[in-house]
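Enquirer:
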Amino acid sequence: MVQKRHACQSYPHFLHGADYNPEQWLHDKSIWDVDMALMQQANCNEMSVGIFSWAKLEPREGEYDFSFLDEIIEKIHSNGGKVILATPSGARPRWLAEKYPEVLRVGHDGVREHFRGRHNHCYTSPVYREKVGAINRKLAERYGNHPAVVAWHISNEYSGECRCPLCQEAFRNFLREKYDNDIQKLNLAWWTTFWSKTFDSFDQIEAPGKHTENGLHGLNLDWRRFVTHQTKDFILAECAPIRELSPKLPVTINMMFEFYDLNYHQLADAIDIASWDSYPEWHNGDDAVIAQKTAFWHDLYRSLKKRPFLLMESTPSLVNWKSYNKPKKPGMDVLSAMQAVAHGSDSVQYFQWRKSRGSSEKLHGAVVGHDGTGDTRVFRSVQKTGQILKQIDEICGTLTQAKAAIVFDWENMWALDDAQGYANVGKQYMNTCYEYHRVFWEKGIDCDIISPKADLSGYALVVAPMLYMTDEETIENLKQYVAAGGTLYGTYMLGTVNETDLCWLGGMPGGALKEVFGILAEEIDTLYPHEQQHAGMGDREFTLVDYCEVIHAKGARVLAEYADGWYAGMPAATENRYGKGLAVYQACRDREGLKDALLDRLIRDAGIQPNLPCALPHGVTAHSRTDGVHTYIFVENYSDQTVEEVALPGSMTDLLTGENVTSVQLPPYGFGIFRKE
Ligand code: GAL
Ligand code: ZN
1260 MVQKRHACQS
1270 YPHFLHGADY
1280 NPEQWLHDKS
1290 IWDVDMALMQ
1300 QANCNEMSVG
1310 IFSWAKLEPR
1320 EGEYDFSFLD
1330 EIIEKIHSNG
1340 GKVILATPSG
1350 ARPRWLAEKY
1360 PEVLRVGHDG
1370 VREHFRGRHN
1380 HCYTSPVYRE
1390 KVGAINRKLA
1400 ERYGNHPAVV
1410 AWHISNEYSG
1420 ECRCPLCQEA
1430 FRNFLREKYD
1440 NDIQKLNLAW
1450 WTTFWSKTFD
1460 SFDQIEAPGK
1470 HTENGLHGLN
1480 LDWRRFVTHQ
1490 TKDFILAECA
1500 PIRELSPKLP
1510 VTINMMFEFY
1520 DLNYHQLADA
1530 IDIASWDSYP
1540 EWHNGDDAVI
1550 AQKTAFWHDL
1560 YRSLKKRPFL
1570 LMESTPSLVN
1580 WKSYNKPKKP
1590 GMDVLSAMQA
1600 VAHGSDSVQY
1610 FQWRKSRGSS
1620 EKLHGAVVGH
1630 DGTGDTRVFR
1640 SVQKTGQILK
1650 QIDEICGTLT
1660 QAKAAIVFDW
1670 ENMWALDDAQ
1680 GYANVGKQYM
1690 NTCYEYHRVF
1700 WEKGIDCDII
1710 SPKADLSGYA
1720 LVVAPMLYMT
1730 DEETIENLKQ
1740 YVAAGGTLYG
1750 TYMLGTVNET
1760 DLCWLGGMPG
1770 GALKEVFGIL
1780 AEEIDTLYPH
1790 EQQHAGMGDR
1800 EFTLVDYCEV
1810 IHAKGARVLA
1820 EYADGWYAGM
1830 PAATENRYGK
1840 GLAVYQACRD
1850 REGLKDALLD
1860 RLIRDAGIQP
1870 NLPCALPHGV
1880 TAHSRTDGVH
1890 TYIFVENYSD
1900 QTVEEVALPG
1910 SMTDLLTGEN
1920 VTSVQLPPYG
1930 FGIFRKE
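In terms of the working numbering, the sequence shown is residues 1260 to 1936.
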């Protein structure tokens, strides 16, 4: 049976469009008509509107003027297009900030911002919530059932934090609830006896900051959790009128690349579909590496809701905010769009449709430039992407069935980075997660990126790199997974601290993880940058950098041993049968090689099939989507070299040519999309 879960159920087709700011051209609406003609020419079928329109929609408090939005939505609709409608809270109008300064953020120094910029409102302010709620209600009433509107784009790129008195009190209330209003419970959880930091009352607690207490790890961690919590609370408040008046349309928030400050796993259940804004720095070094890191985030956003996501923004050419702003080379424009689809996106959308004439984004790439025509290289590549999306429309809504997963946890990252110890110049958690993901990417194996609390039962192999912070729920989740037959791969630092950043007592890894892995970790040797160690496995030797943990096998079988240093002969990697499953431990950081060798065998033993039947040349990868009946395979070449021949798993239909083929030749930055019957 064919099974699909389209991102936008009311329009089960790929969306191809852009952020569109027609309000910037209200003084010359002839531009709008040019836009409509160009949208058709560009094979665009969707525009995201209203993102920064608040000042036009509510020019004075309580005085709404929807005329421009009415008109543009009708125009897009009669032009055959769809609309993703934004709530305007990402940037407020001047009157709002002037009349109600509490909507402006307060920084570390206690100073309140003036009206400026965007994405900088207080999430706690009741006034801001009220004003956002009011305009969102109007928007939902007016457009919530409009046939052109297919989804809600809530605000824009939520980020940041505020230290105003309202937020400080909300933080204290968050802590009161978390610690059952018992200050001694908090004192113990944060280990405040250290350096005489004991609190007598919740009233004494302040947000950690540049000039306030920032040495209590539990405090720092709970503040970060609060920021996510408060942002989520704001999102839920924003969505309330929309859910009430426009219940059929999905809501999304546009998330970001390597975004550090919000735990997106926590935000997932506030939204219906995930979407994100992808701006890789193509051509700055090896494009294969850049593609793989981008793939990590595509995988994460697909995994967030376990269904197709939307690529909400990408540039058709270049951005304007990096140190060096280089356009994508011919080929990379379409390839990078197809990469998103290969990983589970139901859209390719750009920032922006038309270049603004003034202000900071006037030099940012756009589908339509200041020339105002469709006669450009960039426009033609957008046209081509749109053409391809039409050709492969049957793939829209299909799912990815990854058998492998990598655990990536924001809270773990925050705790690790805050830890004073190991290498204080940087723990390299993100990069380490990328390194494990690379192994799957290079083999053309689909891989989910999940939270440590995710349901693991569908995976044959789960890799949890540097999972330093493991609370009891995580320990139980990992343990049950292995007991039931899963293969779990852990590394150095696993299970060091609990939920409030207190070290586990009784030896590492904490709690039941010792039995699951059959090891005991005793010490960790942090290497100087100029140092290297080695580990031997069979007749192979691997170079180690940064971390060598000294562990004892307590029931585990030793797979690799340290070859030098004072711990020569001790285990560098182990495996342990536990219940029906297997727990593998890598005690050291390898430069490359040891993890590849270990995972090679585990992938085979776990029965995980790569998407292609052969080893892939450097820069080539393959990903798949399925509707339960057909399998679609995307083969992508991120190198600037032609790849002569890559074998497909049997005879497949090339969706771009209609031919039956058994292998593919890929030009530089080329790709192919195939269907297995
Ligand atoms: C995004 C943002 C857009 C635009 C774009 C430029 O982060 O959501 O509004 O500024 O960057 O690349
Ligand atoms: Zn605030």
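Backbone N, C-alpha and C define an ideal beta-carbon position, used for all residues, glycine too.
Does the Cβ-Cβ distance between A1794 and L1857 come in under 8 Å?
Expert: Going by C-beta atoms, A1794 is not nearer than 8 Å to L1857.
Enquirer: Taking the Cβ atom as the reference point for each residue, do V1342 and V1308 lie within a distance shorter than 8 Å?
Expert: Yes; because the gap between Cβ atoms is below 8 Å, this pair is in contact.
Enquirer: V1277 and V1626: beta carbons closer than 8 Å?
Expert: According to the sequence as given, residue 1277 is Ala; it is not Val. Cβ distance < 8 Å, so A1277 and V1626 count as in contact.
Enquirer: Run the proximity test for D1536: is its beta-carbon closer than 7 Å to any non-hydrogen atom belonging to the ligand GAL?
Expert: Result yes, Cβ under 7 Å from the ligand GAL.
Enquirer: When the Cβ atoms of the stretch 1542–1551 are set against those of the stretch 1505–1520, are three or more pairs found closer than 8 Å?
Expert: No contact exists between the stretch 1542–1551 and the stretch 1505–1520.
Enquirer: W1449 and L1475: beta carbons closer than 8 Å?
Expert: Yes; because the gap between Cβ atoms is below 8 Å, this pair is in contact.
Enquirer: Is T1451 near the ligand ZN - that is, is its Cβ less than 7 Å away from at least one heavy atom of it?
Expert: Flag unset: Cβ of T1451 not near the ligand ZN.
Enquirer: Looking at W1580 and the ligand GAL, is the gap between the Cβ and the nearest heavy atom below 7 Å?
Expert: Answer for W1580: yes, Cβ within range of the ligand GAL.
Enquirer: At a cut-off of 7 Å, would you count R1364 as near the ligand ZN, judging by its Cβ distance to the nearest heavy atom?
Expert: Within the cutoff, so yes.
Enquirer: Less than 7 Å between C-beta atoms, sequence neighbours within five positions excluded: which residues of the same chain meet that for G1631?
Expert: Excluding residues within five positions, the ones whose Cβ falls inside 7 Å are V1293.
Enquirer: At the level of alpha carbons, what is the spacing between A1350 and E1653?
Expert: Each residue's Cα considered, the two are about 38 Å apart.
Enquirer: I'd like the ranges of any beta strand (DSSP E) spanning at least 3 consecutive residues and lying wholly in the stretch 1598–1636.
Expert: Within the stretch 1598–1636, the complete beta strand (DSSP E) runs of at least 3 residues are 1606–1609.
Enquirer: Determine the extent of the alpha helix (DSSP H) in which I1464 is found, giving its start and end residues.
Expert: Unbroken run through I1464: none, as it is neither H nor E.
Enquirer: Find the nearest neighbour of L1865 within the set E1330, F1273 and A1664, judged by alpha-carbon distance.
Expert: With the sequence shown as reference, residue 1865 is identified as Ala, and Leu is not the correct amino acid for it. The shortest C-alpha separation from A1865 is found at A1664.
Enquirer: Taking just the CA atoms, how far does F1485 sit from C1421?
Expert: Going from the Cα of C1421 to the Cα of F1485 covers about 11 Å.
Enquirer: Within the stretch 1303–1353, note down every full alpha helix (DSSP H) run reaching 4 residues or more, in order along the chain.
Expert: Listed in chain order, they are 1313–1316 and 1326–1337.
Enquirer: Could you pull out every unbroken alpha helix (DSSP H) segment of at least 4 residues lying fully inside the stretch 1392–1454, listed in chain order?
Expert: 1424–1437 and 1442–1449, all fully within the stretch 1392–1454.
Enquirer: Can you give me the C-alpha to C-alpha distance between T1691 and E1808, rounded to a whole angstrom?
Expert: Going from the Cα of T1691 to the Cα of E1808 covers about 16 Å.
Enquirer: In chain order, what residues of the same chain have a beta carbon less than 6 Å from the beta carbon of Q1262, not counting five sequence neighbours either side?
Expert: So the qualifying residues of the chain are D1886 and G1887.
Enquirer: Could you give the first and the last residue of the continuous beta strand (DSSP E) run that contains R1483?
Expert: Note, R1483: premise wrong, no beta strand (DSSP E); alpha helix (DSSP H) at H1476 to L1504.
Enquirer: State the Cα-Cα distance for the pair T1457 and N1683, rounded to the nearest angstrom.
Expert: If I take the Cα positions, the gap works out to 27 Å.
Enquirer: Alpha carbon to alpha carbon, how far is M1597 from S1898? Give it in angstroms, no decimals.
Expert: Whole-angstrom Cα-Cα distance: 15 Å.
Enquirer: With burial defined as no fewer than 16 other Cβ atoms inside 10 Å of the residue's Cβ, what is the status of Q1687: buried or exposed?
Expert: Looking at its Cβ environment, which holds 16 or more other Cβ atoms inside 10 Å, Q1687 is buried.
Enquirer: Just how far apart, CA to CA, sit M1260 and I1892?
Expert: In a straight line, the C-alpha of M1260 is about 19 Å away from that of I1892.
Enquirer: Helix, strand or coil for Q1525? Go by DSSP, reduced to three states.
Expert: Residue state, collapsed to three classes: helix.
Enquirer: Are there three or more Cβ pairs, one per stretch, closer than 8 Å when the stretch 1657–1677 is compared with the stretch 1869–1881?
Expert: Flag = no, the stretch 1657–1677 and the stretch 1869–1881 do not touch.
Enquirer: Within 7 Å: the Cβ of N1379 and any heavy atom of the ligand GAL?
Expert: No, the ligand GAL has no heavy atom inside 7 Å of this Cβ.
Enquirer: Let me know the secondary structure DSSP gives A1822 once reduced to three states.
Expert: Here A1822 sits in coil by DSSP.
Enquirer: Return yes when the Cβ of I1704 is within less than 8 Å of the Cβ of N1870, no when it is not.
Expert: Yes, they are a contact pair.
Enquirer: Which residues bound the alpha helix (DSSP H) around R1863?
Expert: That run of the alpha helix (DSSP H) goes L1853 to D1864.
Enquirer: Express the C-alpha separation of F1518 and L1915 in angstroms, rounding to a whole number.
Expert: Rounded to the nearest angstrom, the two C-alpha atoms are 35 Å apart.
Enquirer: Do you know offhand how far L1559's Cα is from T1574's?
Expert: Roughly 20 Å separates the two Cα atoms.
Enquirer: What's the call for A1743, buried or exposed, on a 16-neighbour Cβ count within 10 Å?
Expert: Per the 10 Å Cβ criterion, exposed.
Enquirer: By Cβ distance, which residues of its chain are closer than 6 Å to G1624, with the 5 residues on each side in sequence left out?
Expert: Excluding positions up to five away in sequence, the list reads T1574, P1575, S1576 and L1577.
Enquirer: Write down the C-beta distance between M1571 and W1535 rounded to the nearest angstrom, noting that I regard them as a contact closer than 8 Å.
Expert: Sure, about 6 Å apart at Cβ, within 8 Å.
Enquirer: Just the Cα atoms here: how many angstroms apart are T1901 and Y1928?
Expert: Each residue's Cα considered, the two are about 8 Å apart.
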